[in-house]
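In terms of numbering that gives the first Met the number 0, the sequence shown opens at residue 0 and continues consecutively.
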Amino acid sequence: MQRTQSQDLFEKAKQYIPGGVNSPVRAFRAVGGSPIFIKSAKGPYIYDEDGNQYLEFINSWGPMILGHAHELIEKAVSDAIQNSFSFGAPTRKEVEMAELIVGMVPSVEKVRMVNSGTEATMSAIRVARGYTGRDKIIKFEGCYHGHGDSFLISAGSGAVTMGVPDSPGVTKGVANDTLTAPFNDLPALQQLMDANKGQIAALILEPVVGNMGCVLPNTGYLEAIRTLCTKEGIVLIFDEVMTGFRLAKGGAQERFGIVPDMTTMGKIIGGGMPVGAYGGKREIMDCVSPAGPVYQAGTLSGNPIAMSAGLAMLRYLEAHPEVYTRLDEVGNTIAAGFKASLQKLGLNFTINHIGSMFTLFMTDQPVTDFTSAKASDLPLFGRYFQAMLKRGIYLAPSQFESLFFSYALEDAHIQQLIEANEEALREVI
Ligand code: PLP
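Encoded structure:
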């Protein structure tokens, strides 16, 4: 497989863009080699600058749940651009979008559109702080909530009552207001809450984690968190940027039957355009300017092209529940196929999956939190990734990411993935 165009572009990119990419994980640092530069994509396939075709399981890190360049979304966007690209003023489409989201997502009574998942989470914690009059937040080790300062806090330090800046540029003051706890560990969470009684504005989590690889909540874990937050007056925020409209039309909260106080959204909600949103209980959302005193704004928020793409996507998902039945079936078939191959090869690696989220961890121990995720054999994952790429399978270039399956996958594609996986594992172990 020739990749000279991609290699040349990467060399040039490094001269003008930090690290040659506009988002770090794209640089393939975790798996070695140089990134492929994408030219186009259609359905389940993506094509690079050298003309190579890959069956793809990143799907723009989640948004392309129907596969690439779906005709409904293409039409919505091409119709919308006839009316100009941005007005910076209210539009009918924003109202339709808000009404649709409120109808689909159980916790959302009012919603504000923003431009990314990062903006959604940053805004949500500001609102939670304004609403409660408290400063601290709790997040979980290994959960990712975008690149807002408050969320870039080191996981793993034993000092769970005191955050440590994970990235230069995050001040100690900000870090001190972010408390971290291990995922799936209720006693540790209870301890953290007891030690900071009356000071915690919000607890934010990915109800199913995608950002340490796919990690599921233990049975009863989300219920217990809901109960604790209610008891302590803490705003419970589900970050459903990844899981929203993916695990069910109403996200993980619908799938698990747990209603948070606020929800952050992104990815699928924009149909591939840059969009995010945050919403929740009316009483909380009415704190947001101009209804209330918590300021949050955006020149391009509710952009008409993005709203058109997102509306077409969400309307389709709302009207077609069979998408979710099929995606569950796809996930289960792939998991069964991978398990059969692992058995054949005498391997006992861990597979975590739910619906269309999936991670094969290179460890034979269960993966339930960040510490167990980090026990994976990362060099082996790097070799496996390259072996899959060589076979025309484009996976997320990191062990600490979930794969996303799309509705465009047909049974033959699934078999292709299962066979490539077995061959790649045989090659690298
Ligand atoms: N929250 C979660 C759960 C995410 O997975 C991400 C991105 O991957 C974000 C927030 C940030 O979203 P964005 O990259 O659109 O800023």
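Here a beta-carbon is modelled for each residue, glycine too, at the ideal position from N, C-alpha and C.
Just so it is clear, the structure is predicted and the values come from calculations on it, not from any experiment.
Own chain residues within Cβ distance below 7 angstroms of residue i, not counting five before or after
i, result
"Met63", "Gly271 and Ser405"
"Pro105", "Gly249, Gln252, Glu253 and Val258"
"Ala374", "Thr362 and Gln364"
"Lys38", "Tyr46, Asp47 and Glu48"
"Ala119", "Val113, Val240, Thr263, Met264, Gly265, Gly275, Ala276 and Tyr277"
"Glu222", "Ile257"
"Ala154", "The predicted position of Ala154 is uncertain, since its pLDDT is 40 and thus under 50; no value can be drawn from it."
"Val435", "Residue 435 is absent from the model: the chain starts at 0 and stops at 428."
"Arg125", "Val293 and Gln295"
Closer than 7 angstroms: residue i CB and nearest the ligand PLP heavy atom
i, result
"Tyr44", "no"
Helix, strand or coil at residue i according to DSSP, with G and I counted as helix
i, result
"Met306", "helix"
"Lys41", "strand"
"Thr177", "strand"
"Gly232", "coil"
"Val15", "At residue 15 the sequence reads Tyr, which differs from the Val that was named. Correct three-state label for Tyr15: helix."
"Val76", "helix"
"Asp363", "coil"
"Gln295", "coil"
"Ala29", "coil"
"Gln385", "helix"
"Arg91", "helix"
"Lys55", "Checking the displayed sequence, the identity of residue 55 turns out to be Glu instead of Lys. Correct three-state label for Glu55: strand."
"Asp47", "strand"
"Thr349", "strand"
"Tyr406", "coil"
"Val24", "helix"
"Gly197", "coil"
"Gly278", "strand"
"Leu424", "helix"
"His67", "strand"
"Phe84", "coil"
Proximity below 8 angstroms, CB of residue i to CB of residue j
i, j, result
"Met261", "Glu93", "no"
"Val240", "Thr263", "yes"
"Phe56", "Phe403", "yes"
"Ile80", "Ile304", "yes"
"Leu178", "Lys135", "yes"
"Ala386", "Val427", "yes"
"Arg133", "Gln295", "no"
"Asp176", "Leu204", "no"
"Ala26", "Ala68", "no"
"Ala174", "Ile199", "no"
"Leu310", "Met96", "yes"
"Asp327", "Pro181", "no"
"His412", "Leu54", "yes"
"Ser115", "Gly87", "no"
"Ser340", "Glu421", "yes"
"Gly301", "Thr117", "no"
"Leu416", "Ile392", "yes"
"Phe244", "Leu313", "yes"
"Asn183", "Pro206", "no"
"Gly209", "Met103", "no"
"Asn82", "Met0", "no"
"Leu99", "Tyr315", "no"
"Gly381", "Gly354", "no"
"Ile267", "Gly66", "no"
"Ile283", "Tyr130", "yes"
Residues near residue i in its chain [Cβ-Cβ closer than 6 angstroms; skip 5 each side]
i, result
"Thr358", "Gly212, Cys213, Asn351 and Ser401"
"Leu202", "Ile137, Cys228, Ile233 and Leu235"
"Asp285", "Gly291"
"Tyr143", "Asn210"
"Val24", "Ser397"
Residues of its chain near residue i, where Cβ-Cβ distance is below 8 angstroms and the 5 sequence neighbours each way are ignored
i, result
"Lys338", "Ile350"
"Phe9", "Gly19, Ser33, Pro34 and Phe36"
"Ala372", "Gly141, Met211, Gly212, Val214, Phe360, Val366, Gln398 and Phe399"
"Glu409", "Pro43"
"Asp376", "Met361 and Thr362"
Minimum Cβ-Cβ distance from residue i to chain C less than 8 angstroms
i, result
"Met361", "Absence of chain C from the displayed structure is noted, only one protein chain being present."
> If you measure from each residue's Cβ to the nearest non-hydrogen atom of the ligand PLP, which ones come out under 5 angstroms, in chain order?
Replying inline: Residues whose Cβ lies closer than 5 angstroms to any heavy atom of the ligand PLP, listed in chain order: Ser115, Gly116, Thr117, His144, Gly145, Glu205, Asp238, Val240, Met241 and Gly265.
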